[in-house]
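Chemist: Quick one: the structure is below, questions incoming.
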């Protein structure tokens with residue numbers, strides 16, 4: 005293992021899947037993202053504290069999933085959906101993969117409600133709708 009800034013490079017994992025959940029020491033998990041010939045780049049889904057170069061990483065043979073459902077509303081969870089607010093376990097209604105394809109343009113609901121930014125120049129020149137994705141680029145400190 006090589007670790008730095010929440011990213012780990014793991015050597016010796018054979019046949020790892022992209023998006024697979026990997027188990028590190030101290031009950032820390034990671035997600036495999038960059039599959040190369042001799043190593044796997046993965047993002048840590050927890051603290052890198054206590055993980056050292058040379059530690060053993062185990063495959064789980066599962067793609068990363070998170071719990072979903074109404075029971076999660078108002079709860080504080082970690083990156084894997086485990087409760088960290090001290091209010092007990094969550095009775096979720098199921099699990100969903102975190103890497104899913106985006107819905108097609110036709111399947112998406114139309115944007116019909118305006119979003120007011122409060123900046124008249126943007127609201128008049130580039131009207132934005134709620135739920136719309138819009139990239140607004142400008143130089144630093146120009147408004």
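In the numbering used here, the protein residues as written are 5 to 147.
We treat Cβ as the ideally placed atom computed from N, Cα and C, and that holds for glycine.
Keep in mind it's a predicted model, so treat the numbers as computed, not measured.
Helix, strand or coil for residue 35? Go by DSSP, reduced to three states.
Modeler: Reduced to three states, the DSSP call for residue 35 is strand.
Chemist: For the segment 129-144 and the segment 109-120, state whether three or more C-beta atom pairs, one from each stretch, are separated by less than 8 Å.
Modeler: Output reads yes: the segment 109-120 touches the segment 129-144.
Chemist: Distance, Cα to Cα, residue 87 vs residue 78?
Modeler: Each residue's alpha carbon lies about 11 Å from the other.
Chemist: Quick one: what's got a C-beta closer than 7 Å to residue 71's C-beta in the same chain, skipping five residues either side?
Modeler: 85, 94, 96 and 99, listed in sequence order.
Chemist: By alpha-carbon positions, which one of 10, 11, 7 and 36 ends up nearest to residue 17?
Modeler: Comparing Cα positions, the closest option is 36.
Chemist: Please check the pair residue 46 and residue 34, which I expect to be a contact at CB under 8 Å, by giving their CB distance rounded to whole angstroms.
Modeler: Confirmed, Cβ separation roughly 4 Å.
Chemist: What distance in whole Å lies between the Cβ atoms of residue 30 and residue 55, which are believed to be in contact at a cut-off of 8 Å?
Modeler: About 7 Å; that satisfies the 8 Å criterion.
Chemist: Quick check on this structure: which residue in 26, 14 and 7 has the alpha carbon closest to the alpha carbon of residue 53?
Modeler: Nearest C-alpha to residue 53: 7.
Chemist: Measure the CB-CB distance between residue 48 and residue 10 and report whether it falls below 8 Å.
Modeler: Yes, these two residues count as a Cβ contact at 8 Å.
Chemist: Return yes when the Cβ of residue 141 is within less than 8 Å of the Cβ of residue 126, no when it is not.
Modeler: In this structure, residue 141 does not lie closer than 8 Å to residue 126 by Cβ.
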